[in-house]
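As structure tokens, the structure follows; a few thoughts come after it.
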Amino acid sequence: AVGQIYLMDKNPLLKRPLEQDDLKKRLLGHFGTTPGQNFIYVHLNRLIKERNIEMFFVSGPGHGGPAIVAQTYLEGTYSEVYPDISRDEEGLG
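87 is the number that the working numbering gives to position 91 of the sequence shown; each next residue is one higher, with no gaps.
If you want it as structure tokens, here you go:
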């Protein structure tokens, strides 16, 4: 989520030291909402699997969008829905 908010797509795995050109001029998303949504998402996922609960986690597309995109990308759901986004360095960029 931090990478989505702050980084351009040139160096997603930080294989080289960050440069000014790696940072976005305009931030998309808000890091203030991202950690809380990540926390809730991951713990709800744990409860859903542990207790076989049927539920939805509803999050708006606003400032917390990077949180949900990051979580679904990491678990593989995002690439199932958007197969053009691979689960490798190219997909991160």
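Every residue, glycine too, gets a C-beta built ideally from N, C-alpha and C.
- A straight-line Cα-Cα distance of about 16 Å links N7 and S82.
- By a beta-carbon distance limit of 8 Å, E85 contacts L9. Their separation comes to about 6 Å.
- DSSP lists no beta-bridge partner residue for L9.
- Taking C-beta atoms as the reference points, D5 and G89 count as a pair closer than 8 Å.
- Going by DSSP, G32 is part of the alpha helix (DSSP H) stretching over T30 to R47.
- Around the beta carbon of I49, a 10 Å sphere encloses fewer than 16 other beta carbons of the protein chains shown; the residue is thus reported as exposed.
- The continuous stretches of alpha helix (DSSP H) do not include A(-3), and DSSP gives it neither H nor E.
- By the 16-neighbour rule on beta-carbons within 10 angstroms, Y37 is buried.
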